[in-house]
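For reference, the structure discussed in these notes is given below.
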Amino acid sequence: MDAPSARPPSPSRTASDIFKSNAWLPNPHQLPNQPLPSITSPCCARNMMNSSARPLANSSSPNSTNRTTDMLQQYFGFTRLPFTKDIPSDQLFLANGQSELCARLDYLLKDRGLGLVTGETGSGKSTTLRRFTAQLDPNRHFVLYLANPFLGLSGIYRDLLTTLGHETPFGKPKAVARIRSAFHELLHTKHRLPVVILDEAHLFPTTVFEPLRLLFSTEMDSQSLGVLLLVGQPELRRTLRLTPYEAFYQRLTTHYHLPPLDLAQTIAYIRHHIQLAEYQAGPLFADDALARIYENTKGVPRLINRLCTTALLVTAADNRQIIEESTIRKAISELDQG
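In my numbering, the protein residues as written are 895 to 1232.
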């Protein structure tokens, strides 16, 4: 009788595969009363990896994301998942660049001027703005946030009026007059400073910038009805320095480019997130792992978040307790594979 053919080896699974399949947690129906083991019990974690589990029907569903979050929290003992965007504004990490930006914005409000903030994708512009605007007194400020570059000028006027609590009249001249009237009422009657933030401004047509500035100008530019802040990627600044926009650029009260984090700030940023998650088992990232994270991400917070989250998945899937440099290399490889 012929010998049975050898079974082909199973393809190796990535950390994401393991977590999507829920394969590292015990079946809750089999262990209804057994407490979840902590990260300080490797043998228990190993048993969890070998236990049976029910695969998720749809790994891309919100339930899958929630289960992955629960898995990481249970494995590492986190009280919340680190490296996410839903951090309360007063707990956000402020590096030197973010602190400087907040100081510039504070001056911009006092001057009632026109501001420009640029930074690479994922550098923390919107996050810093969220922290800054959250600390503003709502009785003294009225923030209007615009981030849809496909509105066009008429759509921007409509959104401004809607946020201000006014109906949009027919025709741009009437819309402009009504917005200016609403700004004047806010500033001089209700003593609230209008602050219009145009986020992702590099995606907006440049033809909207000057009309927006004119919404605030009054008395031959000697005063302003509020603050206009443009926020975008570095090409926005290069565009505004071109001759057609020279007059607009010269009127900027402040312009600031938000830099990425340096090595020390990257390490502090990672440790800050781990501290917010109330991790109790000592240092989680080895020094060489932190250095490799900075080398790969160049200090861009969004990239740091993505790499660190993947590293957590890899660490738990490999049944380890410390994130080493080899773990970061493995996480980078998984991210590169898409």
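Glycine included, C-beta positions come from ideal geometry on N, C-alpha and C.
I'd like to check one pair, residue j with residue i: are the Cβ atoms closer than 8 Å?
{"i": "Val-1037", "j": "Tyr-1150", "result": "no"}
{"i": "Ala-1175", "j": "Ala-1205", "result": "no"}
{"i": "Phe-1077", "j": "Pro-1088", "result": "yes"}
{"i": "Asp-1000", "j": "Tyr-1039", "result": "no"}
{"i": "Phe-1044", "j": "Phe-1103", "result": "no"}
{"i": "Ile-1216", "j": "Tyr-1163", "result": "no"}
{"i": "Gly-1193", "j": "Leu-1155", "result": "yes"}
{"i": "Pro-1195", "j": "Gly-1018", "result": "yes"}
{"i": "Ser-1183", "j": "Ile-1222", "result": "In the sequence on display, residue 1183 carries Ala and not Ser. Yes, the Cβ-Cβ distance between Ala-1183 and Ile-1222 is below 8 Å."}
{"i": "Leu-1080", "j": "Ala-1069", "result": "no"}
{"i": "Gly-1049", "j": "His-1096", "result": "no"}
{"i": "His-1167", "j": "Pro-976", "result": "yes"}
{"i": "Thr-1148", "j": "Gly-1007", "result": "yes"}
{"i": "Leu-1157", "j": "Tyr-1188", "result": "yes"}
{"i": "Arg-1074", "j": "Leu-1109", "result": "yes"}
{"i": "Glu-1219", "j": "Arg-1165", "result": "no"}
{"i": "Leu-995", "j": "Val-1121", "result": "no"}
{"i": "Thr-1100", "j": "Tyr-1139", "result": "yes"}
Would you mind reading off the limits of the alpha helix (DSSP H) that contains residue i?
{"i": "Gly-1193", "result": "Run containing Gly-1193: none; DSSP gives neither H nor E here."}
{"i": "Ile-1168", "result": "1157–1170"}
{"i": "Lys-979", "result": "Premise fails: Lys-979 is in no alpha helix (DSSP H) and is neither H nor E."}
{"i": "Ser-1017", "result": "First-last for Ser-1017: undefined, no H or E at that position."}
{"i": "Arg-998", "result": "990–1005"}
Please report the straight-line C-alpha distance between residue i and residue j, rounded to a whole angstrom.
{"i": "Asn-990", "j": "Gly-1016", "result": "16 Å"}
{"i": "Pro-1105", "j": "Thr-1021", "result": "27 Å"}
{"i": "Asp-1230", "j": "Gly-1009", "result": "37 Å"}
{"i": "His-923", "j": "Gln-968", "result": "Note that His-923 scores 32 on pLDDT, short of 50, meaning its location in the model is unreliable; the coordinates nonetheless yield the value given after this. Looking at the two C-alpha atoms, the distance is approximately 17 Å."}
{"i": "Ala-1210", "j": "Leu-988", "result": "29 Å"}
{"i": "Ala-1180", "j": "Asp-1053", "result": "49 Å"}
{"i": "Thr-1137", "j": "Lys-1084", "result": "39 Å"}
{"i": "Leu-1030", "j": "Val-1090", "result": "14 Å"}
{"i": "Ala-1041", "j": "Thr-1057", "result": "14 Å"}
{"i": "Leu-1119", "j": "Arg-1132", "result": "27 Å"}
{"i": "Gln-1144", "j": "Thr-963", "result": "48 Å"}
{"i": "Asn-1033", "j": "Arg-1086", "result": "6 Å"}
{"i": "Gly-1173", "j": "Gly-1046", "result": "Before going on, a small fix: residue 1173 reads as Tyr here, not Gly. Approximately 47 Å between the Cα atoms of the pair."}
{"i": "Pro-1067", "j": "Lys-1004", "result": "29 Å"}
{"i": "Arg-1200", "j": "Glu-1061", "result": "42 Å"}
{"i": "Pro-1177", "j": "Lys-979", "result": "23 Å"}
{"i": "Thr-1160", "j": "Leu-986", "result": "14 Å"}
{"i": "Asn-1190", "j": "His-1035", "result": "40 Å"}
{"i": "Leu-1146", "j": "Gly-971", "result": "48 Å"}
{"i": "Thr-1203", "j": "Glu-1014", "result": "21 Å"}
{"i": "Asp-1212", "j": "Arg-1024", "result": "36 Å"}
{"i": "His-1082", "j": "Tyr-1051", "result": "21 Å"}
{"i": "Leu-1130", "j": "Phe-1026", "result": "22 Å"}
{"i": "Arg-839", "j": "Glu-1228", "result": "The requested residue 839 does not occur in the structure, where the chain is confined to residues 895 to 1232."}
{"i": "Glu-992", "j": "Ala-1028", "result": "In the sequence as presented, Glu is not what sits at residue 992; that position holds Gln. Near 14 Å, if we compare the C-alpha coordinates of Ala-1028 and Gln-992."}
{"i": "Arg-1072", "j": "Asp-984", "result": "35 Å"}
{"i": "Gln-1169", "j": "Arg-998", "result": "29 Å"}
{"i": "Arg-1214", "j": "Phe-1098", "result": "47 Å"}
{"i": "Ser-946", "j": "Leu-1134", "result": "With a pLDDT of 31 at Ser-946, under the threshold of 50, the predicted position of this residue should be treated as unreliable, and no value is reported."}
{"i": "Arg-974", "j": "Ser-1111", "result": "46 Å"}
{"i": "Asn-960", "j": "Leu-966", "result": "10 Å"}
{"i": "Pro-926", "j": "Gly-1232", "result": "With a pLDDT of 34 at Pro-926, under the threshold of 50, the predicted position of this residue should be treated as unreliable, and no value is reported."}
{"i": "Gln-1117", "j": "Gly-1065", "result": "26 Å"}
Bridge partners for residue i per DSSP, in chain order?
{"i": "Pro-1032", "result": "For Pro-1032, which the question treats as bridged, DSSP gives no partner whatsoever."}
{"i": "Phe-1179", "result": "Ile-1217"}
{"i": "Val-1011", "result": "Val-1125 and Tyr-1150"}
{"i": "Tyr-1039", "result": "Ile-1091"}
Return yes when at least one heavy atom of the ligand GTP lies under 7 Å from the C-beta of residue i, else no.
{"i": "Ser-1118", "result": "The ligand content of the structure shown is nil, which means the ligand GTP is not present either."}
Within 8 Å of any Cβ in chain C, is that where the Cβ of residue i sits?
{"i": "Ala-1211", "result": "The displayed structure is made up of one protein chain only, and chain C is not part of it."}
Which runs of the alpha helix (DSSP H) fall wholly inside the region 1119–1144 and span at least 4 residues, in chain order? 1128–1134 and 1140–1144
Within the region 1050–1117, note down every full beta strand (DSSP E) run reaching 3 residues or more, in order along the chain. 1087–1092
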